[in-house]
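What follows is the structure, encoded as structure tokens:
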């Protein structure tokens, strides 16, 4: 008996087509490859290439010469691979690079001079790696960097002045690391910084002058740390702050910035609903979010009551 035609067609469709995964097209400007079996960086990309995305592959290393003959390259997306190291000369052939994304790799360190030729870099994402320490040498030449994401690594400290050269930086993400405190000069040099994310660390205390170097800050995320006390006046330099998130700490007393119209989340803290806190909230009247989870822990007769309701009731207990 002969096989029905539809079966033959089906078999032909199911048979693998022998082709190199992700072969480059001549004169293309964008190259995208998300082939899970790919283990080496594709070569022979056209010199016209402006952007490369090689993501979700099995690639573990890059050759020092991987990016030679790509003089116009502006974006390099290498997220979700298995890169454990980068060769120091990797980025030297691509001085025009503006965006580098290395999210979710296995990098536990980077060579000192990796960014020496990357003076035009604006976005650098190192989120979800295994970095344990920050090297000042990485940031020496990144004068145009605007966006730096170091979240979800294993950083235990921020060396004083490490970000000093980053005079254009607007957003810094250090969330979900292992920081227990910040050195007084940790943020020095970041005069243009607008967004700082320190969520999900182990911050137990902050020096009084922590935020003095970042007066332009608009968004500050400190939720889910272990803060028990805020130094008096710690937020005074932040006259432009729009959002302050202090949720999920161990705070009983509050410090606030002098900025009007503040969005404030102070939920999941054991607040002491007495004179100081209640008069401060009445005077500044920030917009409280998550009010249902913002409860008094003390004194006993106010335990479990919503801070906002107690504050509005007008009895400050002074």
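Numbering (mature numbering (1 follows the signal peptide of the UniProt record, and there is no 0)), first residue to last: -24 to -1, 1 to 294.
The C-beta atom is built at its ideal place from N, Cα and C for all residues, glycine as well.
Just so you know, these numbers come straight off a predicted model, no measurement behind them.
Straight-line Cα distance separating residue j from residue i
i           : j           : result
residue -17 : residue 84  : Only weak support is given to the placement of residue -17: the predicted model assigns it a pLDDT of 49, under 50, and the question is left unresolved by the model.
residue 185 : residue 10  : 46 Å
residue 221 : residue 20  : 48 Å
residue -12 : residue 51  : Any reading at residue -12 is ruled out, since the residue's pLDDT is 49, under 50, leaving its predicted position unreliable.
residue 96  : residue 122 : 10 Å
residue 139 : residue 149 : 12 Å
residue 24  : residue 127 : 33 Å
residue 46  : residue 35  : 20 Å
residue 37  : residue 250 : 59 Å
residue -9  : residue 2   : Only weak support is given to the placement of residue -9: the predicted model assigns it a pLDDT of 49, under 50, and the value that follows is read from those uncertain coordinates. Each residue's alpha carbon lies about 24 Å from the other.
residue 32  : residue 152 : 23 Å
residue 238 : residue 230 : 14 Å
residue -7  : residue 171 : Only weak support exists for where residue -7 lies, its pLDDT of 43 falling under 50; the coordinates are left without a value.
residue 115 : residue 232 : 32 Å
residue 178 : residue 159 : 14 Å
residue 108 : residue 133 : 9 Å
residue 196 : residue 218 : 8 Å
residue 17  : residue 60  : 14 Å
residue 327 : residue 53  : The requested residue 327 does not occur in the structure, where the chain is confined to residues -24 to 294.
residue 253 : residue 119 : 42 Å
residue 265 : residue 278 : 20 Å
residue 293 : residue 242 : 20 Å
Identity of the residue in the options nearest residue i by Cα
i           : options            : result
residue 211 : 204, 138, 190      : 190
residue 111 : 60, 95, 135        : 135
residue 163 : 262, 152, 176, 192 : 192
residue 273 : 291, 226, 156      : 226
residue 106 : 46, 180, 131, 158  : 131
residue 66  : 55, 92, 81         : 92
residue 94  : 73, 277, 104       : 73
residue 49  : 70, 31, 59         : 70
residue 203 : 165, 224, 80       : 224
residue 206 : 169, 245, 235, 219 : 245
residue 290 : 264, 255, 13       : 255
residue 263 : 109, 165, 287, 27  : 287
residue 40  : 90, 216, 30        : 90
residue 183 : 156, 194, 200      : 156
residue 161 : 7, 188, 14         : 188
residue 181 : 208, 27, 75        : 208
Extent of the continuous beta strand (DSSP E) to which residue i belongs
i           : result
residue 302 : Residue 302 is absent from the model: the chain starts at -24 and stops at 294.
residue 9   : 6 to 9
residue -2  : Residue -2 -> no beta strand (DSSP E), and no H or E assigned at all.
residue 147 : 147 to 149
residue 171 : 171 to 173
residue 51  : 51 to 53
residue 76  : 75 to 77
Cβ-Cβ separation, residue j to residue i (assumed contact under 8 Å), whole Å
i           : j           : result
residue 174 : residue 198 : 5 Å
residue 268 : residue 248 : Not a contact, Cβ separation roughly 19 Å.
residue 100 : residue 124 : 5 Å
residue 43  : residue 78  : Contact doesn't hold; Cβ gap of about 14 Å is too wide.
residue 55  : residue 80  : 6 Å
residue 270 : residue 283 : 5 Å
Residue range of the alpha helix (DSSP H) that includes residue i
i           : result
residue 286 : 283 to 289
Whole alpha helix (DSSP H) elements within the stretch 195 to 273, 4-residue minimum: 251 to 260
Segments assigned alpha helix (DSSP H), at least 4 residues, entirely inside the stretch 95 to 136: 112 to 115
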